[in-house]
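S.K.: Following this message is one structure expressed as structure tokens.
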Amino acid sequence: MNCADIGLIGLAVMGENLVMNIESKGFSVAVYNRSSDKVKNFVEGRAKGKNIIGTYSIEELINNLKKPRKVMLMVKAGNSVDGLIEQLIPFLEKGDIIIDGGNSYFKDTIRRNKYVEDLGFLFIGAGVSGGEEGALKGPSIMPGGSLEAWPFVKPIFQAISAKVDNRACCDWVGEGGAGHFVKMVHNGIEYGDMQLICEVYQLMRDSLEMTSEEMHDVFKLWNEGDLNSYLIEITSEILNYKDEDGDVLLDKILDSAGQKGTGKWTSMAALDEGNPLTLISEAVFARCLSAMKDERVEASKVILGPDAKFQGDKNAFLEDIKNALYASKIVSYAQGYTLLMSAAKTYNWKLNFGEIALMWRGGCIIRSIFLGKIKEAYDKNPKLTNLLLDPFFQGKVEEAQAGFRRVVSSAVLNGIPIPTLSTALSYFDSYRCAKLPANLLQAQRDYFGAHTYERTDKPRGEFFHTNWNGRGGTTASTTYKV
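Quick note: the sequence shown uses our numbering, first residue 28, plus one each step.
In structure tokens:
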């Protein structure tokens with residue numbers, strides 16, 4: 028009996044395309060899906076004549092795999108993953124490997140990793156990015172979990188992943204939930220990038236009154252320079268796509284955004300870490316606000332604002348918009364990387380920040396030209412605390428900031444909402460500010476809650492309380508951080 032190199036459960040779009048990708052690289056695959064019709068249609072259709080084995084039960088799937096068995100789950104995150112793990116366990120042997128390739132929450136991955144390892148099996152939580160096309164032609168893969176399992180899946184994962192400069196966009200990330208955490212941060216940055224581009228689009232459309240064709244030309248040009256990226260590229264194509272009647276399809280799409288939760292998870296993780304992930308969080312809230320479509324339409328009838336039209340040199344303003352977008356992208360990545368650093372300390376992960384940037388250079392949604400510069404930054408200084416302190420990125424933001432400020436100012440004066448562009452500038456200004464007004468905030472907290480404060484004329488770590496109104500007494504609250 029010829030057994031397969033790997034098994035895959037879940038024949039939706041991503042699962043099917045990954046199977047085709049794996050088989051095209053010389054590996055055999057056994058597949059299973061809860062709906063047997065999907066298996067039958069796949070093996071008799073798209074997979075016909077390929078080295079792909081259709082199976083119709085969990086037991087049959089396991090019996091068709093080489094040892095140690097490797098089973099990859101490509102199913103919806105949540106209870107479905109836990110349910111499949113329970114179905115697999117009775118048929119597995121010690122050392123067999125369960126791989127969760129879905130968009131699972133990293134804390135669930137930490138829990139599953141421990142549970143599976145305690146039973147004597149191995150577990151990998153692998154973030155897979157690239158969508159339908161990436162799954163088929165080469166995604167970015169971010170595996171973490173049981174280190175002992177990595178040598179068994181490495182040849183397959185690195186063979187099927189995207190390649191940039193002959194390097195696979197896949198490498199070991201770390202133990203526990205590290206792989207899914209890195210994928211989650213990737214998705215958060217993706218939320219930020221998409222919202223930034225949407226705000227730039229609205230500035231062009233509503234303030235500069237540009238046509239879709241004009242915007243298409245601008246994004247196409249931008250994609251040839253510093254802003255070269257997958258999202259800029261597809262934005263250019265979207266702006267040029269015509270509906271069946273010849274009109275621009277984009278103009279007919281309802282402005283109510285959906286989301287699957289990974290951006291929200293990134294913001295939640297940042298709150299847990301006490302990390303100021305302002306840009307990505309604003310991108311999440313922007314989607315929430317867009318979903319209030321009917322309410323916004325009614326509000327637009329009664330709440331008035333300024334005229335959105337720009338007055339001045341449009342070409343110069345377009346250059347300012349480009350600079351604002353580039354600087355904001357740097358801020359977004361800077362924030363994402365500070366979250367990775369914080370979580371690495373919390374969960375004792377040995378993350379290689381430069382290698383993570385390389386994994387994101389190909390296959391994934393946020394792939395862009397300056398990811399190589401992030402790798403260079405961490406090669407030069409592995410202890411770099413913020414990308415804004417790297418000479419390259421520091422110089423780029425400083426070059427862009429005059430135009431950046433003009434764009435934010437113009438948008439505010441003209442009533443154009445730019446939540447992520449404005450928060451990027453606010454973060455930049457806060458980060459470079461030696462003295463923020465938090466001294467007043469601490470005084471307020473101490474006044475009403477006796478929460479204490481530190482003094483500039485005393486060593487750090489000493490806390491004081493003042494009886495501000497003469498009625499509060501001298502008892503102070505304990506000092507703690509959430």
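For each residue, glycine too, the CB sits at the ideal point set by N, CA and C. Because the structure is a prediction, the values reported are computed rather than measured.
Can you look up residue 148 in the DSSP assignment and give me helix, strand or coil?
M.R.: In this structure, residue 148 counts as coil in the three-state DSSP scheme.
S.K.: Any Cβ of chain D within less than 8 Å of the Cβ of residue 137?
M.R.: Here there is only one protein chain, and chain D is not present.
S.K.: Does residue 329 pass the burial test, meaning 16 or more other C-beta atoms within 10 Å, or should it be called exposed?
M.R.: Exposed.
S.K.: Whole angstroms is fine: what's the gap from residue 326's alpha carbon to residue 339's?
M.R.: Rounded to whole angstroms, residue 326 to residue 339 spans 29 Å at the Cα level.
S.K.: Helix or strand or just coil, what does DSSP make of residue 92?
M.R.: Residue 92 falls in the strand class under three-state DSSP.
S.K.: Put residue 198 into one of helix, strand or coil per three-state DSSP.
M.R.: Here residue 198 sits in coil by DSSP.
S.K.: Could you check the C-alpha separation between residue 52 and residue 96 for me, to the nearest Å?
M.R.: C-alpha separation (whole angstroms): 19 Å.
S.K.: Give me the Cα-Cα distance between residue 468 and residue 459, rounded to the nearest whole angstrom.
M.R.: One C-alpha to the other measures close to 19 Å.
S.K.: So, using beta-carbon positions, are residue 395 and residue 263 closer together than 8 Å?
M.R.: Taking 8 Å as the Cβ cut-off, residue 395 and residue 263 do not qualify as a contacting pair.
S.K.: With DSSP as the reference, please indicate the residues paired to residue 35 in a beta bridge.
M.R.: Per DSSP, 58, 99.
S.K.: Using three-state DSSP, classify residue 344 as helix, strand or coil.
M.R.: Helix.
S.K.: Flag this pair as touching only if the stretch 40 to 56 and the stretch 151 to 166 have three or more C-beta atom pairs under 8 Å; answer yes or no.
M.R.: A contact exists between the stretch 40 to 56 and the stretch 151 to 166.
S.K.: Let me know the secondary structure DSSP gives residue 312 once reduced to three states.
M.R.: In the structure shown, residue 312 sits in a helix (DSSP, three-state: H, G or I).
S.K.: So the candidates are 434, 236, 147; which of them puts its Cα closest to the Cα of residue 346?
M.R.: Ranking the options by Cα distance to residue 346, first place goes to 434.
S.K.: Spatial neighbours of residue 414 within its chain, please: C-beta separation below 8 Å, excluding the five flanking residues on both sides.
M.R.: Once the five neighbours on either side are set aside, the close Cβ partners of residue 414 are 357, 360, 361, 364, 401, 404, 420.
S.K.: Hey, residue 294 and residue 304: beta-carbon distance below 8 Å or not?
M.R.: Result yes, Cβ atoms of residue 294 and residue 304 sit closer than 8 Å.
S.K.: Kindly identify the DSSP beta-bridge partner or partners of residue 183.
M.R.: Partner(s): none; residue 183 has no beta bridge.
S.K.: Below 8 Å on the Cβ atoms is my guess for residue 81 versus residue 93; work out the distance and round it to an integer in Å.
M.R.: Actually they do not touch by this definition, with Cβ atoms about 17 Å apart.
S.K.: For the 8 Å Cβ check, are there 3 or more pairs between the stretch 215 to 227 and the stretch 163 to 181?
M.R.: With a cut-off of 8 Å, the stretch 163 to 181 and the stretch 215 to 227 do not count as touching, because too few Cβ pairs lie within range.
S.K.: May I have the straight-line CA-CA distance separating residue 323 from residue 348, to the nearest angstrom?
M.R.: Their backbone Cα atoms lie some 26 Å apart in a straight line.
S.K.: Please report the residue range of the alpha helix (DSSP H) in which residue 294 lies.
M.R.: Residues 289 to 300.
S.K.: Let me check understanding here. Comparing Cα to Cα, which of 486, 497, 189, 491 lies closest to residue 478?
M.R.: The option with the nearest alpha carbon to residue 478 is 491.
S.K.: Grab me the residues of residue 233's own chain with a C-beta within less than 7 Å of its C-beta, minus the 5 sequence neighbours each way, in chain order.
M.R.: Same-chain partners within the cutoff: 335, 443.
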